[in-house]
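Engineer: Mind looking over this structure? Questions follow.
Protein chains: 2
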Amino acid sequence: MDTLSEIAQPVENELRAVEEITLSCLSSAEEKLGELERYTLESKGKRIRPIVALLSGAVAGQLREANLYLAAASELIHMATMVHDDVIDEAAVRRGKATINASWGNPVAVLFGDYLLSQAFGILCRFEDNGILPGMIQMTREVCEGEIYQLRRRYDISMTEEEYRGTVSMKTASLFSTCCRLSAGLAGASRPAQESLSTFGRRFGTAYQIVDDCLDISEEERGKDRFKDIEGGRITLPLIKALAALSGEERERLALAFREGDVKRSRREITAAGAIAACRRDAGMLLDQARGDLSPLPDSLPRDALIRLTRFLLGAP
Amino acid sequence: MDTLSEIAQPVENELRAVEEITLSCLSSAEEKLGELERYTLESKGKRIRPIVALLSGAVAGQLREANLYLAAASELIHMATMVHDDVIDEAAVRRGKATINASWGNPVAVLFGDYLLSQAFGILCRFEDNGILPGMIQMTREVCEGEIYQLRRRYDISMTEEEYRGTVSMKTASLFSTCCRLSAGLAGASRPAQESLSTFGRRFGTAYQIVDDCLDISEEERGKDRFKDIEGGRITLPLIKALAALSGEERERLALAFREGDVKRSRREITAAGAIAACRRDAGMLLDQARGDLSPLPDSLPRDALIRLTRFLLGAP
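Residue numbers (the numbering used here), protein chains in the order written: chain A, 1 to 317; chain B, 318 to 634.
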């Protein structure tokens, strides 16, 4: 099994440059801000968004300075949404560390998320002429819309797979899709290549969310507190699939457990209904299609890396 | 005494157009979003930021379509910060109506604020070539920085007037100042005229915050729940001035009342120390200077309106 840094090898230098940009964005002189920024940098994520953005540019053309800033902005926007998501979920732990809201309270977390968002847009201002700032702003609005929709449908077990896909497309996949498309455009890719990568990103991002949904209710330990979806009444694909597979009393039992936020019972019913396996099959199909999206692009190391990334996603612990 | 709509008369048509733009930004098809947007539009604010922005453009040149969008964005950004401020303050009422967080909960309010912010930036994207989007993004970051700083200094009665001015310059005055400058630039104003209006906005915005600080502890009724500053441990100018005017036991008494969030006693001590009157004198001086900032500009109806606006601010109920 590849590791993520092995996969990212074709863009490792650029990834280091992105890290530098991110670091320089998060080094305020203001005492409190500086503290929050250092704390955020300590709990380093996988940087999957910058990796996908850089590889998308590299596969379709030549990476330029603007690609690095776009990749850094993708991570900053992701960080901003994580900080606000933790407020929304009242989450206490993320990646094995106390969340900003848990450590400093909601007021600080709300403002710090806003700050990260304006920092992200801010670093894109220097590339005002190439449409990346409007693209990223439009995408951020889509993310908010998706999250608001998801919030409205909390505990609503009538939600269909199609509605779920629509929500995920907005709240998760749009960031991947937008970054893939814009990064390819910056690197000089043709319009069809940009479209292929946009579709790739949409499918990859949707699969990413499905895998994340499964991890949230899986037994495996990871540095994130789990069961936030069930506790928050969030309708995930495993739940939808389990409800569809069950009937009568069994279905009622799951619906009740979910409504009551009973994590243990919900998990047991969902798993017993075979919904986790079915979700992973769906994710696998999406990733098959995502690999297909790459086939018009020239055979190259970055394309190979994107393909390996799709396999990594499903095999990831 | 002028009313605000009398003062805004030289730009009344443009203001109506700004209202249309704002309305069109807040008319989502998504059920929940649409509900939040309609609710927000019902509790119409004074639109002081769009008025100042439009008058600044009109005084120094010719208003263009971009001025309307800038003015609308100023109000949307203001709305976004209000929605998040109410989460931060756990405020239940604003302008006589239940806040978004009180009615729909923090999760919805956090996301809706993010959404409003991305809408604001979004409508500026069509004017990508004139530097207004970068200016507004930079300003938003400054607002966040100012608010985070203010949060860090909560309950810290060692805060000086100078530090207070610095905070207010970031969290409140930067929006006015930036809109004045950018709006003038869009209207074709000379660089010195832009600078004059930028300074005008900075002073006007600072005075605006000082007046707001005073209103928060005043007896007068208004459609906003009061005493949020004291309850939130926020260091305001009336408090700083009262602490500076008092000594010994009296000072201790106020410090204790403030620390304990005792609104009644804090108010009594602050008022008895003559701090409200002193703050209003400070605001008056700032507004005198702000009028001076307008003197290099051509004598005109919009300039006259800005002058009347400075008088309105201090006489406002």
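All C-beta atoms in this analysis are idealised placements derived from N, C-alpha and C, irrespective of residue type, glycine included.
Roughly how many angstroms lie between the CA atoms of residue 613/B and residue 510/B, to the nearest whole one?
Structural biologist: About 8 Å.
Engineer: Compare the Cα-Cα distances from residue 554/B to each of 595/B, 519/B and 589/B and report the closest residue.
Structural biologist: Cα-wise, what sits closest to residue 554/B is 595/B.
Engineer: So which residues on chain B does residue 108/A lean against when the C-beta distance must stay under 8 Å?
Structural biologist: Per Cβ cutoff of 8 Å: 465 and 468.
Engineer: Would you identify the three-state DSSP class for residue 634/B, choosing helix, strand or coil?
Structural biologist: Confidence at residue 634/B is low in this model, with a pLDDT of 43, below 50, so the placement of that residue should be treated as unreliable; the coordinate-derived value is given next. Here residue 634/B sits in coil by DSSP.
Engineer: Taking C-beta to C-beta, are residue 641/B and residue 110/A nearer than 8 Å?
Structural biologist: Since the first residue shown for chain B is 318 and the last is 634, residue 641/B is missing from the structure and cannot be characterised.
Engineer: Is it the case that the Cβ atoms of residue 523/B and residue 611/B are separated by a distance below 8 Å?
Structural biologist: Cβ distance not < 8 Å, so residue 523/B and residue 611/B don't count as in contact.
Engineer: What is the DSSP secondary structure of residue 97/A, reduced to helix, strand or coil?
Structural biologist: In the structure shown, residue 97/A sits in a strand (DSSP, three-state: E or B).
Engineer: Report, in whole angstroms, the separation of the C-beta atoms of residue 370/B and residue 500/B, which I expect to be a contact under 8 Å.
Structural biologist: Sure, about 4 Å apart at Cβ, within 8 Å.
Engineer: Which residues mark the beginning and the end of the alpha helix (DSSP H) in which residue 140/A is found?
Structural biologist: That run of the alpha helix (DSSP H) goes 132 to 152.
Engineer: Do we get a CB-CB distance below 8 Å when we pair residue 634/B with the residues of chain A?
Structural biologist: Reliability fails at residue 634/B, whose pLDDT of 43 lies under 50, so the model's placement of it is uncertain and the value that follows must be treated cautiously. Not closer than 8 Å to any Cβ of chain A, the Cβ of residue 634/B fails to qualify, so no.
Engineer: Can at least three beta-carbon pairs, one atom from the stretch 445 to 458 of chain B and one from the stretch 466 to 480 of chain B, be found at a separation below 8 Å?
Structural biologist: Segments in contact, no.
Engineer: What separation, rounded to the nearest whole angstrom, lies between the Cα atoms of residue 252/A and residue 359/B?
Structural biologist: Distance between the alpha carbons of residue 252/A and residue 359/B: 41 Å.
Engineer: Starting from residue 404/B, find everything on chain A with Cβ-Cβ shorter than 9 Å and list it in chain order.
Structural biologist: By Cβ distance, chain A contributes 87, 106, 107 and 110.
Engineer: In angstroms with no decimal places, state the Cα-to-Cα distance between residue 108/A and residue 37/A.
Structural biologist: So the two alpha carbons sit approximately 12 Å from each other.
Engineer: Is it buried or exposed, residue 198/A, if we count other Cβ atoms within 10 angstroms and call 16 or more buried?
Structural biologist: Burial call: buried.
Engineer: Across the stretch 431 to 443 of chain B and the stretch 385 to 397 of chain B, are there enough close Cβ pairs to call them in contact, namely three or more that are closer than 8 Å?
Structural biologist: Result yes; three or more Cβ-Cβ pairs closer than 8 Å.
Engineer: DSSP three-state call for residue 476/B: helix, strand or coil?
Structural biologist: The answer is coil: DSSP assigns residue 476/B none of H, G, I, E or B.
Engineer: Flag residue 75/A as yes if its beta-carbon sits less than 8 Å from any beta-carbon of chain E, otherwise no.
Structural biologist: Among the protein chains of the structure shown, namely A and B, there is no chain E.
Engineer: What in chain A is Cβ-close to residue 454/B, meaning under 7 Å?
Structural biologist: Chain A residues near residue 454/B: 118, 121, 122 and 125.
Engineer: Would you list, in sequence order, the uninterrupted alpha helix (DSSP H) runs of no fewer than 4 residues that lie entirely inside the stretch 331 to 415 of chain B?
Structural biologist: 348 to 359, 365 to 377 and 382 to 406, all fully within the stretch 331 to 415 of chain B.
Engineer: Within the same chain, show all residues whose beta-carbon is closer than 6 Å to that of residue 6/A, passing over the 5 residues directly before and after it, in chain order.
Structural biologist: So no residue of the chain qualifies.
Engineer: Does the beta-carbon of residue 288/A have 16 or more other beta-carbons within 10 angstroms, so that it is buried, or is it exposed?
Structural biologist: Residue 288/A is exposed by the Cβ-count criterion.
Engineer: Is residue 481/B near residue 32/A, with beta carbons less than 8 Å apart?
Structural biologist: No.
Engineer: Can you say whether residue 101/A is buried or exposed, counting buried as having 16 or more other CB atoms within 10 angstroms of its CB?
Structural biologist: Buried: at least 16 other Cβ atoms inside 10 Å.
Engineer: Please list the terminal residues of the continuous alpha helix (DSSP H) segment that includes residue 112/A.
Structural biologist: 106 to 124 is the span of the alpha helix (DSSP H), which, as asked, contains residue 112/A.
Engineer: Would you identify the three-state DSSP class for residue 444/B, choosing helix, strand or coil?
Structural biologist: Residue state, collapsed to three classes: helix.
Engineer: What does residue 432/B reach in chain A if we use C-beta pairs closer than 8 Å?
Structural biologist: By Cβ distance, chain A contributes 141, 144, 145 and 148.
Engineer: Residue 597/B and residue 531/B - do their beta-carbons sit closer together than 8 Å?
Structural biologist: Yes, Cβ-Cβ distance for residue 531/B and residue 597/B is below 8 Å.
Engineer: Output yes or no for whether 8 Å exceeds the beta carbon distance between residue 619/B and residue 372/B.
Structural biologist: Their beta carbons are under 8 Å apart, which means residue 619/B touches residue 372/B by this criterion.
Engineer: Looking at residue 172/A: is its Cβ nearer than 8 Å to the Cβ of residue 209/A?
Structural biologist: Contact flag set, yes.
Engineer: Grab the span of the alpha helix (DSSP H) containing residue 192/A for me, first residue to last.
Structural biologist: Run containing residue 192/A: 191 to 217, per the alpha helix (DSSP H) assignment.
Engineer: Of the residues 590/B, 494/B, 393/B and 444/B, which one's Cα is nearest the Cα of residue 436/B?
Structural biologist: The residue with the shortest Cα to Cα distance from residue 436/B is 393/B.
Engineer: Can you find a C-beta in chain A that's less than 8 Å from the C-beta of residue 451/B?
Structural biologist: Closer than 8 Å: yes.
Engineer: Which runs of the beta strand (DSSP E) at least 3 residues long sit entirely within the stretch 549 to 626 of chain B? Give them in chain order.
Structural biologist: Qualifying beta strand (DSSP E) stretches: none in this window.
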